[in-house]
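Q:
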Amino acid sequence: KPTLPDLGGVEVLPDLWAMTEAELSRVRELSISRKGVGMVTFHGCTDCRALAALGSRLSEIVSLGPGEVVVYPDQAKKPPVGVGLNKPATIALYGCVPRAKGSWDAKAQEKYRTKVKQMTEAKGAELLDYDCEQGVWQFRVPHF
1 KPTLPDLGGV EVLPDLWAMT EAELSRVREL SISRKGVGMV TFHGCTDCRA
51 LAALGSRLSE IVSLGPGEVV VYPDQAKKPP VGVGLNKPAT IALYGCVPRA
101 KGSWDAKAQE KYRTKVKQMT EAKGAELLDY DCEQGVWQFR VPHF
């Protein structure tokens, strides 16, 4: 079994570093999160043997930052659709609120919600929810 690496505040569920090689080959609903920033859940079964081997270099494949998640930042390392983490996923990003100060009444919230929906769809994703009060943006992607 691989040893638990220091992931710099990133949590991976289930704990890949407590799994056998056989278990790693078929991980269901893999979630990678960073407290206060966001979470990405990869749907279905994922072969996580290569991810577990990366250990503390996991950020070379998945990066969670304020307002964004990047999977395969190095396009040369991105596998074909359906392979590795290049698959359907649901993403939740926290703290996504407008930068401009001003009125945050129902009209302003609806206008911002529309903007978030347009930004989501422009990226080829499906908006699931945007919570104006909490600043939580949830969407689904077909792949990365």
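In the UniProt record's numbering, the protein residues as written are 1 to 144.
All C-beta atoms in this analysis are idealised placements derived from N, C-alpha and C, irrespective of residue type, glycine included.
By a C-beta neighbour count over all protein chains shown, 10 Å radius and 16 as the cutoff for buried, is R28 buried or exposed?
A: Translated into the one-based positions of the sequence shown, residue 28 becomes position 28. Per the 10 Å Cβ criterion, exposed.
Q: Three Cβ pairs or more, each shorter than 8 Å: is that satisfied between the segment 34 to 43 and the segment 91 to 98?
A: The segment 34 to 43, when compared against the segment 91 to 98, does touch it at the 8 Å Cβ threshold.
Q: Taking buried to mean at least 16 other C-beta atoms within 10 Å of its own C-beta, is G124 buried or exposed?
A: Taking the sequence shown and counting its residues from 1, the one referred to as residue 124 is at position 124. That one is exposed.
Q: At which residues does the beta strand (DSSP E) containing M39 begin and terminate?
A: If you number the sequence shown from 1, residue 39 lands on position 39. Per DSSP, M39 belongs to the beta strand (DSSP E) from G38 to T46.
Q: Touch check for the segment 81 to 89 and the segment 108 to 121: three-plus C-beta pairs under 8 Å?
A: At 8 Å Cβ cutoff, the stretches do not touch.
Q: If we ignore side chains and look at the alpha-carbon of each, how far apart do V62 and K77 end up?
A: The residue you call residue 62 lines up with position 62 of the sequence shown. The residue you call residue 77 lines up with position 77 of the sequence shown. Using only the alpha carbons, I get a separation of about 12 Å.
Q: So, helix, strand or coil for R26, using DSSP?
A: Counted from its first residue, the sequence shown places residue 26 at position 26. It is coil, neither helix nor strand.
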